[in-house]
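According to this note's numbering, the sequence shown is numbered sequentially starting from 367. C-beta: ideal position from N, C-alpha, C; glycine also.
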Amino acid sequence: MRGPLAPPQVPISLTRSELFDDYVRESVERLERRWPQLVDVEFAVQEVPVAEAGAPVLEAVPLGRVIAAAQGRKSRIIVYRRPVEIRVKSRDDRAALVHEILIEQVADLLGLSPDAIDPRYDEE
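1) Within the continuous alpha helix (DSSP H) that includes Y446, where are the two ends?
2) Output the distance between the C-alpha atoms of R409 and G430, rounded to the nearest integer angstrom.
3) Are the region 433 to 442 and the region 462 to 471 touching, with three or more C-beta to C-beta distances below 8 Å?
4) Could you check the C-alpha separation between V454 and S393 for me, to the nearest Å?
5) Please determine, among Q412, T381, I483, F386, the residue with the shortest C-alpha to C-alpha distance to P402.
6) Relative to the C-alpha of I443, which residue among L475, R460, R486 is closest?
7) Let's see if you can read the secondary structure: which residues bound the alpha helix (DSSP H) around A462?
8) In whole angstroms, give me the CA-to-CA distance for V427 and V405.
9) Less than 8 Å separating the Cβ of V454 from some heavy atom of the ligand NAD?
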């Protein structure tokens, strides 16, 4: 008998992109419980950072980015999927790195230290 090893609704059949979105969603939910003002922030996942014309060349590929609110637009935090996936191989490490990136970006947005955003920041 041929067929999938698991039905489509089972997590094993999620794509890497869908799993990554779940890591971001779970991390955002954790952070929003502690920081309710984050409900007004948009969180997004992009495959890779896009080089903007005239922007300086960076030494390292960014893993995330904050775009401050402007002209009626909400603040936005972006996590770049492919650079994160390249850095770590295991699912647990990937989820931990996503959370760390989001802590750092939220800290930058709110003008606080990462430790203030999540006291377990240095432990992860």
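According to the structure shown:
1) Per DSSP, Y446 is not a residue of any alpha helix (DSSP H); the beta strand (DSSP E) it occupies stretches across 442 to 446.
2) Per the sequence presented here, residue 409 reads as Phe, with Arg not at that position. F409 and G430: Cα-Cα distance of roughly 11 Å.
3) Short answer: they don't touch.
4) If I take the Cα positions, the gap works out to 17 Å.
5) Per the Cα distances, I483.
6) With distances taken between Cα atoms, I443 lies closest to L475.
7) Where A462 is concerned, the enclosing alpha helix (DSSP H) stretches over 457 to 476.
8) So the alpha carbons of these two residues sit roughly 28 Å apart.
9) Questions concerning the ligand NAD fall outside what the structure shown contains, since it holds no ligand whatsoever.
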